[in-house]
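Residue numbers (the numbering used here): 25 to 183.
Quick reminder that beta carbons are idealized off the backbone N, C-alpha and C, glycines included.
Have a look at the structure below before the remarks.
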């Protein structure tokens, strides 16, 4: 068993939101809980979630690989996803991405040698008025990311 008892309690709370015969409906929440605990969704971890929810492993893997918020390979401690869709791109998203790539010394899909940062290109995050935006660890959205704000964010995350 890879997941803690606490993680299973959280998953059980998610399962309780659905009819008893439809616990597989909690798959997205279960994957998020598993990823929060372990950092990424290894095949064995997805298998464990599948068994717990009464699903096939491939069905769980299909969900995990469809959505960008799930990590199916190890990532850095801080995963930064930059929106490069048109509104963000027009408002400086590409500039912010280039600045961050240079600052961290990595490209999209890479992780820094110290394991602190992984950089990803993302799709629309629904905050076009705040462009350019980026997302830290799938949970914290940062808006109007000028170079100074990027510097401050990296400094904060490095602590």
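Under DSSP, residue 39 takes part in no beta bridge, so it has no partner. Here the alpha carbon of residue 37 sits roughly 38 Å from the alpha carbon of residue 110. For residue 143, the number of other beta carbons within 10 angstroms of its own is at least 16, and it is reported as buried.
For the options 114, 79 and 62, the alpha carbon positioned closest to that of residue 99 is the one of 62. If you draw a straight line from the Cα of residue 139 to the Cα of residue 60, it is about 17 Å long.
When DSSP states are grouped into helix, strand and coil, residue 106 belongs to the strand group. Cβ contact annotation for residue 71 (same chain, cutoff 6 Å, sequence separation greater than five): 81, in chain order.
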